[in-house]
Amino acid sequence: MNDHTRSRSHSAAPSWLLPALALLTAAGCSGDWTWDWAYVPGRAASPPGGAPRGGHQLVEDGQRYRDRGLNDAALASFALAVAEDPRQVPAHIGMGDIYRERGQYDRARHSYEQATALEPANYHAQYHLALVYHHLGQVSRAVRGYLIALTLEPDSYGANRHLAAAYLQLGRTAEALPYARRATELDDESHAAWAQYAEALRVLGRYEEADAAYRRAAELGTPDPAIVLGHVRAMIELEQFDEAQRMLQRLLDDKSTLDARERMAFLKFRSGRYQRALHHYGQVVDEAEALPEPQRLAEPAYIRAINGRGVSLMAMYIQDGRQDDRLRQQALEAWRMSLRLNPDQPRIKDLIARYQRRGG
């Protein structure tokens, strides 16, 4: 900043500067620093008997405020440092950290972008910028940011784990796997890392490895319902039906979800208990139909349960020696209802074509 610019900024202060000074003055009353003379328009740039407070000193003051838990004062100090010297990377990072912790992700993004533009090799700024992009739903940008962070610190647990999570969100599971595995190597005691690794293995069809990873995650913490359901799906593929049923029952006892009920119905069907399966599928359909229509149609378990009800009815029809044609008609009606909700189901179309004639 040249002398001409500096004198102009003192005569026409930014709109945020006076509120920032008010915060600093209030915070400084109980500390060892005097703020009320610093950069006040129309006053000397130095406190009586002192030297001017440069950007570096303001950053140090902001960090001391952070250490004392005075984040409003720290934010104002960092803002003053940036006004004094826009190249102060630690000030941009300090502001970004405070905004991020407060959930003000768009403001945090701006601060971290300023920091990374000034200092591209700054790991803290690159990693947290990626994290903020992730929070803002800009997942592809987050991926790029995590990759940059890992070129700077390859052994970062956070960057490896969050990069794996971003790849999983994008459906790029094969790319997620090595980073998910690396996260478990960097922190073998992380429940979140093992659960994420298990999910990636399951999606890739590596069910035995997924089962082992899910069990390790369960040893380290209580999994949320989505992780439990993922483990159940892996156990179903491994034909561990009894254990999968017990796990689902515990989940239902603790917190009933449509997905859990639908999986329980499927287990009943696989064990040949078609009447019980029909009962559970019916519960899922009834609960889903009590939801508002947009929420109901967005619930994957709803259509799966309708299809499952049709399959259970048709299995009962065949088991009965194809004597009770009402079962066949009810099964066909369930499948037709499912197709009205989602026409893109070739397997259901095939079932209708196979069984639409009596005796089929």
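Taken in order, the sequence shown gives residues -7 to 352; the numbers are from my numbering.
Don't be surprised by glycine CBs; every beta carbon is placed ideally from N, CA and C.
Rounded straight-line distance, which links the Cα of residue j to that of residue i
i      : j      : result
Thr214 : Ser304 : 33 angstroms
Glu200 : His116 : 37 angstroms
Ala113 : Ser103 : 16 angstroms
Trp29  : Ala210 : Because Trp29 sits at a pLDDT of 26, beneath the cut-off of 50, its placement in the model cannot be relied upon, and the point is left open.
Arg194 : Gly313 : 38 angstroms
Leu72  : Gly47  : 8 angstroms
Gln329 : Ile298 : First, the residue type needs correcting, since residue 329 is Met and not Gln in the sequence shown. Cα-Cα distance, rounded: 8 angstroms.
Ala158 : Ala134 : 7 angstroms
Gln241 : Glu105 : 48 angstroms
Leu212 : Glu177 : 15 angstroms
Arg265 : His223 : 22 angstroms
Thr249 : Leu343 : 28 angstroms
Val32  : Leu289 : Since pLDDT at Val32 reaches only 28, below the 50 mark, its modelled position is unreliable, and the value read off the structure follows with that caveat. About 59 angstroms.
Tyr273 : Asn334 : 18 angstroms
Arg136 : Gln118 : 10 angstroms
Arg346 : Leu123 : 51 angstroms
Val277 : Tyr309 : 21 angstroms
Arg332 : Pro217 : 30 angstroms
Glu167 : Arg350 : 49 angstroms
Asp77  : Met87  : 14 angstroms
Residue i in three-state terms, based on DSSP
i      : result
Pro338 : helix
Gly61  : coil
Thr143 : helix
Glu52  : helix
Leu230 : coil
Ser263 : coil
Thr108 : helix
Pro82  : helix
Gln348 : coil
Asp89  : helix
Gly47  : helix
Gly222 : helix
Pro215 : coil
Cβ-Cβ distance between residue i and residue j below 8 angstroms
i      : j      : result
Val131 : Gln96  : no
Ile219 : Ala187 : yes
Trp190 : Ala202 : Looking at the sequence itself, residue 190 is Ala, so the reference to Trp does not match. Yes, Cβ-Cβ distance for Ala190 and Ala202 is below 8 angstroms.
Ala269 : Gly302 : no
Ile90  : Leu67  : yes
Ala175 : Ala204 : no
Ser69  : Asp59  : no
Ala107 : Ile85  : yes
Boundaries of the alpha helix (DSSP H) in which residue i is found, first to last residue
i      : result
Gly95  : No alpha helix (DSSP H) holds Gly95; DSSP gives it neither H nor E.
Thr249 : Here Thr249 belongs to no alpha helix (DSSP H), and DSSP marks it neither H nor E.
Leu121 : Tyr115 to His127
- request: Note down, one range per segment and in chain order, each alpha helix (DSSP H) of at least 4 residues found wholly within the region 266 to 333.
  value: 266 to 281, 285 to 289, 292 to 311 and 317 to 333
field: Length at least 4, wholly inside the region 131 to 204: the alpha helix (DSSP H) runs in chain order
entry: 131 to 144, 149 to 161, 165 to 178 and 183 to 195
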